[in-house]
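Worksheet: one structure, shown below.
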Amino acid sequence: MKSHVTPIPTPAIIRLSASVLVGAAIAVLTTDLSPTIKFGVTAAGLIITLLLAFMHPYRSEVRMYRLQHNISPVPTPGQVMPLFVTWLMLMVAPFFSGAALWVTILVFVIVAGWIFLTFPHIDGTRKLAFANTQEAP
Numbered sequence: 033m034k035s036h037v038t039p040i041p042t043p044a045i046i047r048l049s050a051s052v053l054v055g056a057a058i059a060v061l062t063t064d065l066s067p068t069i070k071f072g073v074t075a076a077g078l079i080i081t082l083l084l085a086f087m088h089p090y091r092s093e094v095r096m097y098r099l100q101h102n103i104s105p106v107p108t109p110g111q112v113m114p115l116f117v118t119w120l121m122l123m124v125a126p127f128f129s130g131a132a133l134w135v136t137i138l139v140f141v142i143v144a145g146w147i148f149l150t151f152p153h154i155d156g157t158r159k160l161a162f163a164n165t166q167e168a169p
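First residue of the sequence shown? That's 33 in our numbering, and the numbers climb one at a time after it.
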């Protein structure tokens with residue numbers, strides 16, 4: 033896997049920003065803040081993450097590379113599976129509502145780390161590394 037070099041890597045600022053925003057969006061659900069604030073922060077974090085990822089100029093480079101190498105824009109299971117884990121964390125976090133501060137910090141670190149590791153798979157840039165190994169239909 034590591035022998036395949038990603039031609040257009042996800043910019044570090046996007047990976048880091050998405051990691052922090054999604055980590056905070058899910059970790060805030062474990063606090064004892066009012067539900068309105070918790071879900072407002074969660075929605076804002078997730079929306080800003082999507083806007084950052086899809087409005088950044090590297091997306092046009094990815095689009096051009098996909099067109100030039102005839103790579104389908106349809107997500108693969110490898111791109112979708114990390115989102116299921118993130119969704120599960122999002123659904124489980126409210127059960128820890130009112131938890132101690134260390135639990136909130138732990139949730140933040142776990143979620144942010146997970147997103148940082150898997151973001152190139154989620155946004156499709158890692159898929160570009162396998163363009164030459166895919167057979168044309």
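For every residue, glycine included, the Cβ atom is placed at its ideal position computed from N, Cα and C.
Beta-carbon proximity of residue i to residue j, cut-off 8 Å
i: F148; j: S51; result: yes
i: L160; j: V94; result: yes
i: D64; j: S104; result: no
i: T42; j: F116; result: no
i: V112; j: L78; result: no
i: T157; j: I80; result: no
i: D155; j: A56; result: no
i: F162; j: H36; result: yes
i: H153; j: P109; result: no
Span of the alpha helix (DSSP H) around residue i
i: T68; result: 67-87
i: L48; result: 44-59
i: R91; result: 90-100
query = Okay, do the stretch 114-130 and the stretch 82-93 touch, 3+ Cβ pairs below 8 Å being the bar?
reply = no
query = Between the stretch 56-63 and the stretch 71-79, do at least 3 Cβ pairs fall closer than 8 Å?
reply = yes
ask   = Which parts of the stretch 106-143 are runs of the alpha helix (DSSP H), unbroken and 4 residues or longer, counting only runs that do not cross its ends?
value = Fully enclosed alpha helix (DSSP H) runs of 4 or longer: 109-124.
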